[in-house]
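Quick note on numbering: the working numbering labels position 143 of the sequence shown as 143, and the sequence is numbered without any gaps.
Where is the CB? At the ideal position from N, CA and C, for every residue including glycine.
Predicted model only: the values in this text are computed from it and were never measured.
Okay, so here's the structure we're looking at.
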Amino acid sequence: MKKYKLIYFGFTHCPDICPEELEKITKIVDKIDSTRLYKSYLIPIFVTCDPERDTPEAINEYLSDFSQKIIGLTGSKEEIEKVTKQFRVYNRKSVIGGSDSNDYLIDHSIYIYFVDPDGICIDVFGKNKDAEQCANYVLEHIKNKK
Ligand code: NI
Numbered sequence: 001m002k003k004y005k006l007i008y009f010g011f012t013h014c015p016d017i018c019p020e021e022l023e024k025i026t027k028i029v030d031k032i033d034s035t036r037l038y039k040s041y042l043i044p045i046f047v048t049c050d051p052e053r054d055t056p057e058a059i060n061e062y063l064s065d066f067s068q069k070i071i072g073l074t075g076s077k078e079e080i081e082k083v084t085k086q087f088r089v090y091n092r093k094s095v096i097g098g099s100d101s102n103d104y105l106i107d108h109s110i111y112i113y114f115v116d117p118d119g120i121c122i123d124v125f126g127k128n129k130d131a132e133q134c135a136n137y138v139l140e141h142i143k144n145k146k
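Have a look at this one:
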């Protein structure tokens, strides 16, 4: 079966943007899965931009609040830097705490990448598209390229 992917970059300490986007991703995937024909065609992936704090355990626990379907990924600082560069994801640490260097946020771009089974990025979904619109777009694409 051909697997398409939705790839999103964020971090588990993100106060509001990432939760919103992960809810959106969950809605998109649930909508695709609700079609009998294309169930499991779309794999949602969350990649952290905060490998220092986001251990695999922390990511799994965080994602369990949204959907069991989302695959969480982290890596070394260098690996994350490489992949965010490849996807042109803007991400920059902003320290908010005083002396506590572990108290920071990460400014990051907010895009959901729609990637086809060959690894080609077909489109990116910004905040201007809601879950319904994204799901319809994905469904149209899968139907036409099947
Ligand atoms: Ni975020």
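- Taking 8 Å as the cut-off, the beta carbon of residue 49 is found no closer than this to the beta carbon of residue 112.
- Any heavy atom of the ligand NI counts here; residues with a Cβ closer than 5 Å to one of them, in chain order, are 10, 14, 17 and 18.
- If the five residues before and after residue 39 are omitted, its C-beta is found closer than 7 Å to the C-beta atoms of 33, all from its own chain and listed in chain order.
- It is roughly 14 Å from the alpha-carbon of residue 93 to the alpha-carbon of residue 84.
- For residue 127, the secondary structure class from DSSP, reduced to helix, strand or coil, is coil.
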